[in-house]
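Asker: If you use UniProt numbering, the sequence shown corresponds to residues 1 to 429, in order.
For reference, the structure I am asking about is given below.
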Amino acid sequence: MQHTPRYNLRGRPQLPPGGLPPAALAPPPAPQVPPVVPGQSTQITGTDITGLDGQLPGVGWRRYPLSGNDSVAFMYVRHDASGNIVERRVLKIRENWTGGIQEMTMHRVLSRNGANRPILRLIRGFERQDHRGFYLELEPCPYGDIWDLTNFYADINNFKKYKKIPEPFLWHVFLELTKACLVLFQGSETQRVQAWMPDWEYVHCDLKTANVFLAESDGTGDFPIYPRPVMADFDSTYRTHPNDLSNPQIMAWAGTPGYWSPEQFKLFTVAPGPLGGTVVPTRQLDPAVQINNRKTLAHTNVWNTAFIIWCMMRRQREGLDPRILDYADPNVVEPDRQPKPRGYSRQLEELVYECLQKEPNHRPRLTGPNNLMDRIRGNIDILRMDMQHWQILPPNLQNSQQGRYPYRLQLREDLFAIGNRMPRGHFPP
């Protein structure tokens, strides 16, 4: 796959409750970042990024831009005398910006220094001395994001015939994102931690395919052959609780049109963005559908997790705005059921649609009896009996061998793997 990972930031910045932790207030000098030429590598000097930390990239490194918009992410690689890569790091830079450092603060809290595996690991973060930007050093994700992957499978030029994303990988993403939802809900996958007491939780209001990255597999878990999906981009993440009077008002306009859950979408009387100012009849909603007074809580993260799987099953890259408009119809309780894509199990389809119910109370819960995690794991156990070769695939399969291993995931080459030769020219083409 010849695509770059995207580190998009969307939504309105908000000051986090209680101010910033002391660790976030290191006052490094503002670096001078040269103009970025998309897809082109740049040899940097020590003046480009001095003052952040003695161990951060500087002299002797080469950087490759990974994204644009209001933030820029770079892959920094260092090579030895033979031109082999010996170290790599990802640095995300956000410049010319004012406001609270919500993303860095939220990311630090949720990743807990890497203890929460389903969250993209934040290695360290720094605020500019003038408070007009910040820098995040992040775990490298060499295989891009789910948007990249879905886009690759949706491109008919990449395959001679219809090619679906393997179902075991969909269950893998479903499982890991559910673990991430548990982290947002209670601070860890297994129990509520002290900082989340008594009923605090976090809502990711911009959870979408472009904000789920594919990190290196650590060789453990149910799917060691696949990259490890991690939740990322917490600029539109909010700390709240069921009785929060500012919920949902503080989350208005957060997220991306096309990925809003029903409770997010009903914050608006006029739909922005791609919907072209379409008036949504929110005053004519079915009075029997309470939607928990429109609050965005853990059930919102569940809905968005399932919608990512829905998009992957249908190779839908940019969400689906008409589906959200359907939710304004009082007779609609779930998205319009498009024909089930061939090759996927009924169990996967039914669980996804159960999570996409309009009424949050009808969606699977994250904790308690018959919770979403238990149901996903039960289906994975069945998958082991019905499907072969998805746990022990040999590495580096040739195209001629793929027929024997139908659940192999088509991934782009990791050009910056340790030990590789330094890429030359432009990256990617």
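Yeah, the Cβ is synthetic: ideal placement off N, Cα and C, and Gly gets one too.
These figures come from a predicted structure and were not determined experimentally.
1) What first and last residue would you give for the beta strand (DSSP E) that runs through residue 229?
2) Out of curiosity, what's the CA-to-CA distance linking residue 345 and residue 166?
3) Check each candidate in 251, 115 and 363 and name the one with the smallest Cα separation from residue 180.
4) Could you give the distance in angstroms between the alpha-carbon of residue 195 and the alpha-carbon of residue 87?
5) Look up residue 122 in the DSSP assignment and say whether it is helix, strand or coil.
6) Where in the stretch 152 to 189 do unbroken runs of the alpha helix (DSSP H), each at least 4 residues long, occur, reported from the N-terminal end onward?
7) Contact between the stretch 245 to 263 and the stretch 212 to 226 is defined here as three or more beta-carbon pairs at a separation below 8 Å; is this criterion met?
8) Could you tell me whether the Cβ atoms of residue 301 and residue 204 are closer together than 8 Å?
9) Going along the chain, which residues of its own chain have a beta-carbon closer than 8 Å to the beta-carbon of residue 111, five neighbours each way excluded?
10) Is it buried or exposed for residue 417, if we count other Cβ within 10 angstroms and need 16 for buried?
11) Under three-state DSSP, which class holds residue 145?
12) Are the beta-carbon atoms belonging to residue 296 and residue 248 less than 8 Å from one another?
13) Determine the closest residue to residue 183 out of 200, 224 and 413, with distance taken between C-alpha atoms.
14) Between the stretch 145 to 153 and the stretch 309 to 318, do at least 3 Cβ pairs fall closer than 8 Å?
15) Got a sec, what are the start and stop residues for the alpha helix (DSSP H) residue 310 sits in?
16) For residue 169, tell me which candidate among 80, 224, 243 and 340 has the shortest Cα-Cα distance.
17) With DSSP as the reference, label residue 75 as helix, strand or coil.
18) Whole angstroms is fine: what's the gap from residue 238's alpha carbon to residue 80's?
19) Once the 5 residues before and after residue 185 are set aside, which same chain residues still bring their CB inside 7 Å of it?
20) I'd like to confirm the pairing. Which residues does DSSP put opposite residue 84 in its beta bridges?
21) Does the Cβ of residue 381 have 16 or more other Cβ atoms within 10 Å, making it buried, or fewer, making it exposed?
22) Consult DSSP for residue 351 and reduce its assignment to one of helix, strand or coil.
23) Return the chain-ordered list of same chain residues with a C-beta closer than 8 Å to the C-beta of residue 370, the five sequence neighbours on each side being excluded.
24) Relative to the C-alpha of residue 137, which candidate in 158, 197, 93 and 175 has its C-alpha closest?
Answerer: Reading from the atomic positions:
1) From DSSP, the beta strand (DSSP E) with residue 229 extends over 228 to 231.
2) In this model, residue 345 and residue 166 are separated by some 11 Å (Cα to Cα).
3) In terms of CA proximity to residue 180, 115 leads the group 251, 115 and 363.
4) Note on geometry: alpha-carbon atoms of residue 195 and residue 87 lie some 35 Å from one another.
5) Correct three-state label for residue 122: strand.
6) With a minimum length of 4 residues, the continuous alpha helix (DSSP H) runs that stay inside the stretch 152 to 189 are 167 to 186.
7) No: the two stretches stay apart, fewer than three of their Cβ pairs being nearer than 8 Å.
8) The answer is yes: Cβ separation under 8 Å.
9) Hits under 8 Å: 119, 120, 121 and 122.
10) Residue environment analysis places residue 417 among the exposed positions, since fewer than 16 neighbouring C-beta atoms fall within 10 angstroms of its C-beta.
11) Reduced to three states, the DSSP call for residue 145 is strand.
12) Result yes, Cβ atoms of residue 296 and residue 248 sit closer than 8 Å.
13) The residue with the shortest Cα to Cα distance from residue 183 is 200.
14) Under the 8 Å Cβ criterion, the stretch 145 to 153 counts as touching the stretch 309 to 318, having at least three qualifying pairs.
15) Under the DSSP assignment, residue 310 falls in the alpha helix (DSSP H) whose first and last residues are 298 to 313.
16) Of the candidates 80, 224, 243 and 340, the one whose C-alpha sits nearest the C-alpha of residue 169 is 224.
17) Residue state, collapsed to three classes: strand.
18) Whole-angstrom Cα-Cα distance: 43 Å.
19) Taken in chain order, the residues that qualify are 201, 298 and 366.
20) DSSP links residue 84 through a beta bridge to 421.
21) So residue 381 counts as exposed.
22) Looking at residue 351 - three-state DSSP - the assignment turns out to be helix.
23) The beta carbon of residue 370 sits closer than 8 Å to those of 364, all from its chain and outside the five residues before and after it, given in chain order.
24) Nearest option by C-alpha distance: 93.
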